[in-house]
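Report on the structure given below.
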Amino acid sequence: MKIRPLNDAVGVEIIDLDLTEALSDSDAGAIQDAFLEHHLICFRSNPLSRAAFDRVARNFGEPQEQLIRNMRDDDTPTVSILDSTYKTPESKPDDMKLMRLTGWHTDDSYMAKPAKATMLQSLKIPNSGGQTGFSNTRKAYEDLPGDVKARCEGLQAVHSYDTSRAPATAKGLTKVETNETPDVVHPVIRTNDDSGKKAIYVNMNRTDQIVGMDRAESDELLDYLVERMVRPEYRYHHEWSVGDLLLWDNRCLVHSVNMDFPVGETRLHQRILLKGGAPV
Ligand SMILES: [Fe+2]
Numbered sequence: 020m021k022i023r024p025l026n027d028a029v030g031v032e033i034i035d036l037d038l039t040e041a042l043s044d045s046d047a048g049a050i051q052d053a054f055l056e057h058h059l060i061c062f063r064s065n066p067l068s069r070a071a072f073d074r075v076a077r078n079f080g081e082p083q084e085q086l087i088r089n090m091r092d093d094d095t096p097t098v099s100i101l102d103s104t105y106k107t108p109e110s111k112p113d114d115m116k117l118m119r120l121t122g123w124h125t126d127d128s129y130m131a132k133p134a135k136a137t138m139l140q141s142l143k144i145p146n147s148g149g150q151t152g153f154s155n156t157r158k159a160y161e162d163l164p165g166d167v168k169a170r171c172e173g174l175q176a177v178h179s180y181d182t183s184r185a186p187a188t189a190k191g192l193t194k195v196e197t198n199e200t201p202d203v204v205h206p207v208i209r210t211n212d213d214s215g216k217k218a219i220y221v222n223m224n225r226t227d228q229i230v231g232m233d234r235a236e237s238d239e240l241l242d243y244l245v246e247r248m249v250r251p252e253y254r255y256h257h258e259w260s261v262g263d264l265l266l267w268d269n270r271c272l273v274h275s276v277n278m279d280f281p282v283g284e285t286r287l288h289q290r291i292l293l294k295g296g297a298p299v
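Heads up: the sequence shown begins at 20 in our numbering, then just goes up one per residue.
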């Protein structure tokens, strides 16, 4: 197994590792170290069956069930199939901001215990576009001015399934799903429970308002933090190959999809979320 950096900001790739074989203790240790240091691992692989994907995921954590019922796979409910294909010309807007996946977000932050990591494998990719961008909010936090760090210390924010701050509206939920997703409150600066490192924990699609601030003051600080956390120097944009399996840390990365790819070209992934604890 070889580990190589993807760029200076985020991520490593792992080659010459057969994911369907049992992972040795030394490889598992090296992967965990790289995960905590670089926050994103790209395994160069072939598409896995859903059952094999679930087995691989258990090397890195405990898979959780997908919330949205119609995205669940019936036999393997921890695996969701994400189809972002534009089926008709009308489904692709001129303004990419209207596509929810373009907003810089961390998966699952509207949950009391958001998934600590996401595993996403490409099954089919379009001929152009469709990259997934990642931004390192741990580095962004470390580079914040001291007075901003002090101001953010102890602040908490409300995260909602949807917020008027999001650039695009979220998919509707069933009644059961809505009941499972009341608003939650999380720290604005989150400490990684495995590494002890702090990171900005703000989600453009879900973070609604900072507790104890009026809307204007909260918007101003959230806008500032978003601008800081996605500066180009913190980013890596992943150009997918079929079979690439990414594992990333939702506690210290945000991501965004380049939704500008051709109508009718299939873009299909399978995803597993790994359980996490309540953010602190
Ligand atoms: Fe996502």
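Where a beta carbon is used, it is the ideal one built from N, C-alpha and C, also for glycine.
When you compare each of F153, G191, G173 and Y255 to Y180 by their alpha carbons, which one comes out closest?
G191
Cβ-heavy atom distance, D126 to ligand 1, below 7 Å:
Checking every heavy atom of ligand 1 against the Cβ of D126, one is found closer than 7 Å.
Evaluate Y243 with the Cβ neighbour count: other Cβ atoms within 10 Å of its Cβ, from every protein chain shown; 16 or more gives buried, anything less gives exposed.
exposed
Is the closest heavy atom of ligand 1 to the C-beta of H274 under 7 Å?
yes
Helix, strand or coil at H288 [DSSP, three-state]
strand
Give me whichever residues DSSP pairs with A136 in a beta bridge.
D268 and L293
From I219 to K111, what distance separates their C-alpha atoms?
K111 has its alpha-carbon roughly 31 Å from the corresponding atom of I219.
Assuming V282 is part of the beta strand (DSSP E), what are its boundary residues?
Segment: none, V282 is in no beta strand (DSSP E) and carries neither H nor E.
Three-state class that DSSP yields for M108 in the structure shown
Met is not the amino acid found at residue 108; the sequence shown has Pro there. Correct three-state label for P108: helix.
Give the list of continuous beta strand (DSSP E) stretches no shorter than 3 residues that lie fully inside the segment 124-208.
136-143, 151-155, 175-178 and 203-206
Taking only three categories from DSSP, how would you classify E32?
strand
Within the continuous beta strand (DSSP E) that includes Q228, where are the two ends?
T226 to I229
Taking 8 Å as the cut-off, does the segment 191-202 touch the segment 236-255 (at least 3 CB pairs, one atom from each stretch)?
no
Which residues in the same chain have their Cβ closer than 7 Å to the Cβ of G296, if we skip the five residues on either side of it in sequence?
K132 and D212
For a quick check, are the C-beta atoms of I34 and R77 less than 8 Å apart?
no
For T95, name the three-state secondary structure that DSSP assigns.
coil
In this structure, how does DSSP classify A87 when only helix, strand and coil are distinguished?
The sequence as given places Ile at residue 87; Ala does not occur at that position. Three-state DSSP puts I87 in coil, outside helix and strand.
Give me the Cα-Cα distance between Y129 and V204, rounded to the nearest whole angstrom.
8 Å
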